[in-house]
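Participant:
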DNA sequence: CGTAGGTGTTAGTCTATACTAATTCGAGGA
DNA sequence: TCCTCGAATTAGTATAGACTAACACCTACG
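Protein chains in written order, with our numbering: chain A, 1 to 231; chain B, 1001 to 1231.
This is the structure we're talking about:
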């Protein structure tokens, strides 16, 4: 009997998948994800990140420029988008079919995304009618790995008077999500900015077509991402 | 800052949960589960079992008698039944709500049972109407940890002429499960034994009320567990 | 009643992932 | 231009869980 050979293409472990997702999110804007930011996002110590970064670049999932940061390779990006599809399909399924509210799905999906099969995800996606967005309005990558890149503007920066569609709610914090839901601020809602206080004050908006007003503080207004629909 | 204390009551890891389930199944008949049987069931080497057995008895989940085997403590039994509830609720949910067939649910449930929350399992159980049996007819433990102990007889041993209800199908092998399903032999079906060949030959049965006959080979007849319903 | 063969356990090693402590790098202010 | 300080990396260690090889225990058979 030969000594057992190592599987040359092992399934990704839980941790690896988490690192790839974190790097995807951190490098989606600027080019490189910093070690310390990855550490903060995953709640591990920076040396743990250095160690994992070494392993991931050896397997070709990321590109590492020492003291600068890391970027996903196309293979790493594909793996990250697969996890993001799983996460978002799970979140939507749990809210639509099992009565979860959008403030509580995140933790559950976070654990399940590592355990489900691709088959199960596709069955859930079919049961949901191949949805494009998760409960927070984030786009769901396709099974092929394509993701919509939307042109969105934060409510706190949006021009006054323009008609807007609320598209994404950029937080997973249950308390904030409950608050937004109470205020009727969920993806798909139409609104216009009627007034904005200077010096980082709150933004006042009106829902469309009802005209109901809402006042949204500066910090929260930065979490609500909108698509401009013209005047 | 104090040196970080170890969590005195850590969540069970994937492996620990698998060991407890295996020990539960192996010791449900006789008193002790043997090291080598546990190793075979989990597909690990015997010394791995010895190592885990030491850890599990230190944490009070099992009782170990060296060279004899192991038994669950009441705490270990509770943990095992919790996993079995998860597994069986998941299997039923996947078949009822996501179109899985009973031959393919096992592997999926095996992975998910370690990742789901108690909350999710209870939501699934509610969506299913607090079911008592999984797709194979195995009883689902309650959330409180009680499990039905049924008086069942294998079809190969059942008396001739008595009315029987097929209650459990004792295999997870997809090929056999497909075959049983084709033959209409699923939990809940009523039947009687019309004839049995001597010397370990096949059993001939008639479905009730249709009277359709089936011939079931010796080995398969040992997998079909029935409840006697009187004459 | 003693031993052979199998089952169980111990000893020692490996990998993945984490940690702390110590060290090195590099960019921005004096 | 040089130095300093925060960020990143290396060094060394720990833990869970697996493995192989070697040793110990039991029992059933001759």
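C-beta: ideal position from N, C-alpha, C; glycine also.
Small disclaimer: the values here were computed from a predicted structure and weren't measured.
#1: Would you mind working out which of B:1207, B:1086, B:1174 sits nearest residue 1145 (chain B), comparing C-alpha positions?
#2: Take residue 10 (chain A) as the anchor and find which of A:201, A:59, A:50 has the nearest alpha-carbon.
#3: Any residues in the region 96-108 of chain A with a beta carbon nearer than 9 Å to a beta carbon of chain B? Which ones, in chain order?
#4: On the three-state DSSP scale, how would you describe residue 1105 (chain B)?
#5: Counting Cβ pairs closer than 8 Å, one from the region 114-125 of chain A and one from the region 1103-1116 of chain B, do we hit at least three?
#6: Residue 41 (chain A): which of A:57, A:23, A:28, A:29 sits nearest, CA to CA?
#7: For residue 16 (chain A), collect the residues of the same chain with a Cβ closer than 6 Å to its Cβ; drop the 5 residues on either side in sequence, then sort them by chain order.
#8: Could you check if residue 1192 (chain B) is buried or exposed, using at least 16 other CB atoms within 10 Å of its CB as the buried criterion?
#9: Secondary structure at residue 1076 (chain B), three-state DSSP: helix, strand or coil?
#10: Taking all protein chains shown into account, do 16 or more other C-beta atoms lie within 10 angstroms of the C-beta of residue 38 (chain A), making it buried, or fewer, making it exposed?
#11: Find the residues of chain A that neighbour residue 1124 (chain B), judging by a C-beta separation of less than 8 Å, and give them in chain order.
#12: Kindly list the residues whose CB is nearer than 6 Å to the CB of residue 68 (chain A), restricted to its own chain and excluding five residues on each side of it in sequence; keep chain order.
#13: Kindly say whether residue 1114 (chain B), judged by its beta-carbon, lies nearer than 8 Å to any beta-carbon of chain A.
#14: Check residue 110 (chain A) in the structure and name its three-state DSSP category.
#15: Does any CB atom of chain B fall closer than 8 Å to the CB of residue 88 (chain A)?
#16: Does the region 1175-1193 of chain B come within contact of the region 1204-1221 of chain B, defined as at least 3 CB pairs closer than 8 Å?
#17: Grouping DSSP H, G and I as helix and E and B as strand, with all else coil, what is residue 147 (chain A)?
#18: Give me the chain A residues within the contact set of residue 1117 (chain B), using Cβ-Cβ distance strictly less than 7 Å, ordered along the chain.
#19: Report all residues from its chain with a CB closer than 7 Å to the CB of residue 208 (chain A); omit the five preceding and five following residues, and keep chain order.
#20: For residue 4 (chain A) and residue 1184 (chain B), what's the separation of their Cα atoms in angstroms?
#21: Please classify residue 49 (chain A) as buried or exposed, where buried requires at least 16 neighbouring CB atoms within 10 angstroms.
#22: Taking 8 Å as the threshold (beta carbon to beta carbon), is residue 1077 (chain B) in contact with chain A?
#23: Output yes or no for whether 8 Å exceeds the beta carbon distance between residue 88 (chain A) and residue 138 (chain A).
#24: When DSSP labels each residue in this structure, what does residue 1227 (chain B) get in the three-state scheme?
#25: Rounded to whole angstroms, what is the Cα-Cα separation between residue 1084 (chain B) and residue 1075 (chain B)?
#26: Could you tell me whether any Cβ in chain A is nearer than 8 Å to the Cβ of residue 1111 (chain B)?
#27: Output the distance between the C-alpha atoms of residue 46 (chain A) and residue 1132 (chain B), rounded to the nearest integer angstrom.
#28: So residue 92 (chain A) contacts chain B; which residues on that side make the cut at Cβ distance below 8 Å?
#29: Spell out whether any CB of chain B is found under 8 Å from the CB atom of residue 164 (chain A).
#30: Roughly how many whole angstroms lie between the Cα atoms of residue 140 (chain A) and residue 148 (chain A)?
#31: Report the rounded CA-to-CA distance for residue 44 (chain A) versus residue 1061 (chain B), giving the unit in angstroms.
#32: How far does the alpha helix (DSSP H) with residue 35 (chain A) in it extend, from its first residue to its last?
#33: Name the residue from A:97, A:36, A:79 whose alpha carbon lies nearest to the alpha carbon of residue 70 (chain A).
#34: List the endpoints of the continuous beta strand (DSSP E) containing residue 55 (chain A).
#35: According to DSSP, what are the bridge partners of residue 195 (chain A)?
#36: Is residue 1166 (chain B) helix, strand or coil by DSSP?
Facilitator: The short version:
#1: If you compare the alpha carbons of B:1207, B:1086, B:1174 with that of residue 1145 (chain B), the shortest gap goes to B:1086.
#2: The option with the nearest alpha carbon to residue 10 (chain A) is A:59.
#3: So the close ones are 97, 98, 99, 100, 104, 107, 108.
#4: DSSP places residue 1105 (chain B) in helix when its eight states are reduced to three.
#5: With the cut-off at 8 Å, the region 114-125 of chain A and the region 1103-1116 of chain B touch.
#6: Cα-wise, what sits closest to residue 41 (chain A) is A:23.
#7: None.
#8: Flag for residue 1192 (chain B) reads buried.
#9: Reduced to three states, the DSSP call for residue 1076 (chain B) is helix.
#10: Buried, since its Cβ has 16 or more Cβ neighbours within 10 Å.
#11: Those are 98, listed as they occur along chain A.
#12: 32, listed in sequence order.
#13: By this cut-off, residue 1114 (chain B) is an interface position.
#14: Helix.
#15: Closer than 8 Å: no.
#16: Counting Cβ pairs under 8 Å, three or more are found: they touch.
#17: Correct three-state label for residue 147 (chain A): coil.
#18: Here the neighbours are 108.
#19: The residues are 163, 190, 191, 192.
#20: In this prediction, residue 4 (chain A) scores a pLDDT of 47, lower than 50, which makes its location untrustworthy; no coordinate-derived value is stated.
#21: Under the 10 Å beta carbon count, residue 49 (chain A) is surrounded by 16 or more other beta carbons and is classified as buried.
#22: No, its Cβ sits nowhere closer than 8 Å to a Cβ of chain A.
#23: The answer is yes: Cβ separation under 8 Å.
#24: For residue 1227 (chain B), the three-state secondary structure derived from DSSP is strand.
#25: Those two C-alpha atoms are separated by around 14 Å.
#26: With 8 Å as the cut-off, residue 1111 (chain B) counts as an interface residue toward chain A.
#27: Going by the C-alpha atoms only, they are around 49 Å apart.
#28: Ordered by position in chain B, no residue passes the 8 Å Cβ test against residue 92 (chain A), which lies about 14 Å from the chain.
#29: By this cut-off, residue 164 (chain A) is not an interface position.
#30: Approximately 8 Å, taken between the alpha carbons.
#31: Going by the C-alpha atoms only, they are around 30 Å apart.
#32: Where residue 35 (chain A) is concerned, the enclosing alpha helix (DSSP H) starts and stops at 35-42.
#33: Checked all of A:97, A:36, A:79; the closest Cα to residue 70 (chain A) is A:36.
#34: Secondary structure note for residue 55 (chain A): it is in no beta strand (DSSP E), and the uninterrupted alpha helix (DSSP H) holding it is 46-58.
#35: DSSP, once it has assigned bridges, lists A:204 as partnering residue 195 (chain A).
#36: Residue state, collapsed to three classes: strand.
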